[in-house]
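Residue numbers for the sequence shown follow the numbering used here, so the first one is 6 and each next one is one higher. Idealized CB from N, CA, C, for every residue including glycine. The structure appears below as structure tokens.
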Amino acid sequence: MNAAADISDHYSQGGLLARLEANLRKDGVDPARPTLEELAPYDHFHGRGLEATGDMANRLPVSAKDRILDIGSGLGGPARYMARRFGCRVSGIDLTAEFCEVARLLTARLGLEDGVSFDEGDALAMSFEDAAFDGAYSMNVSMNIADKRALYREIHRVLKPGAWLCLSEVAQGPGGEPEYPLPWAATASSSFLATPETTRADLEASGFSIESLRDTSSEARDFAARSRAIVEAGGKPPHRAVMLALGERAREAVANTGRAAKERRTLPIEILCRRV
Ligand SMILES: C[S@@+](CC[C@H](N)C(=O)[O-])C[C@H]1O[C@@H](n2cnc3c(N)ncnc32)[C@H](O)[C@@H]1O
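Rendered as structure tokens:
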């Protein structure tokens, strides 16, 4: 199996829409008419879910006339959030066909299809023309990509000069290799974690200047503590995207995620930079 097929096989097992609709019904939500907020526990597939998307958006210089790119757009929660919040156009691209299909359907159910689109494709060879976008972001995607410089060069190509890029990723921490499975990879063979220092160097070598690089571990710990308190009080965890996408495989992946963060084998980071 090639790397791309390996990745989409990890994320997709079929039946995603039916599982999502069943979950929404259990939440008391009509799956034909969900709101952005009702979908949010399921369609922001990254650490801290909607909260992290909102934090990232707070730092982005987006205006309503902008066209922005979501690299590895998943089920499309972040893209719909950005479009609703800023009134901008958002193009998503993702390797996993089932995620793109569900992303389009949910976008139509929210009436956002005029401004938000999803293409099935590889972030390493995008079909967009040069200098097409005013900005781009990517949430928890580069961990699946071995050749980071090839990724950053391709993003550089599709951005206008001076455009912003924001990455929210899981970096390799000082504590050693994490144990697998993790939410983005069943084994180490499809996981490529870079340290914050290497990420900075790779971005700079690919034509970006770094404006900020933040370790968001304390936000992640705080979110985990609040989630635990909700569950102990009998509520549902606020972030259910990993369970939805990976099903039974999620249990071990989530346990390993907590352990890896605690032992500083992984570090959540957020980087804001500019295309030179
Ligand atoms: C953990 S999910 C994050 C999805 C989305 N960014 C979010 O935060 O909701 C990682 C996503 O990256 C996508 N992905 C991984 N490698 C990719 C590549 N080379 N090109 C495009 N998408 C990729 C996967 O298909 C998956 O949807």
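Per-residue DSSP class, three states only, for residue i
i: T221; result: coil
i: P83; result: helix
i: E216; result: strand
i: C93; result: coil
i: L29; result: helix
i: G263; result: helix
i: L22; result: helix
i: D227; result: helix
i: A102; result: helix
i: S232; result: helix
i: E174; result: strand
i: A258; result: helix
i: A168; result: strand
i: A88; result: helix
i: E268; result: coil
The beta strand (DSSP E) enclosing residue i, as first and last residue numbers
i: L277; result: 271-280
i: D75; result: 72-76
Same chain, Cβ closer than 7 Å to residue i, five either side skipped, listed in chain order
i: A151; result: F197
i: S173; result: H51, A57, M61, M144, N145, E275
i: S66; result: With the sequence shown as reference, residue 66 is identified as Pro, and Ser is not the correct amino acid for it. The answer, listed in chain order, is W169.
i: Y157; result: D207, L208, S211, F213
i: P243; result: P46, G54, S232, I235
i: A258; result: P186, L187, P188, V247, L251
i: R154; result: D207, A210, S211
i: L115; result: L41, R85
i: M131; result: I98, E159, V163
i: T112; result: G81, R85, E118, V121
i: D127; result: A9, L100
i: A69; result: F91, G92, C93
Beta-carbon proximity list for residue i, same chain, < 6 Å, skipping 5 on both sides
i: T271; result: V175, G178, P183, A265
i: V34; result: E43
i: H161; result: S211, G212, R280
i: E125; result: A102, C105
i: A190; result: S196
i: L21; result: E103, V107
Span of the alpha helix (DSSP H), counted from its first residue to its last, around residue i
i: L44; result: 41-48
i: L251; result: 246-251
i: S13; result: 8-16
i: A57; result: 54-63
Proximal residues to residue i (C-beta, below 8 Å), its chain only, five neighbours per side dropped
i: E134; result: V163
i: A225; result: G52, R53, A266, P273
i: E26; result: P36
i: A193; result: E182, Y185
Q: Please specify which runs of the beta strand (DSSP E), each continuous and at least 3 residues long, are wholly inside the stretch 176-209, giving them in chain order.
A: Complete beta strand (DSSP E) runs here, min 3: none at all.
Q: Please go through the stretch 108-162 and give each complete beta strand (DSSP E) segment of 3 or more residues, from N-terminal end onward.
A: 121-125, 138-144
Q. Hey, is the stretch 113-133 in contact with the stretch 90-102, meaning 3+ C-beta pairs nearer than 8 Å?
A. yes
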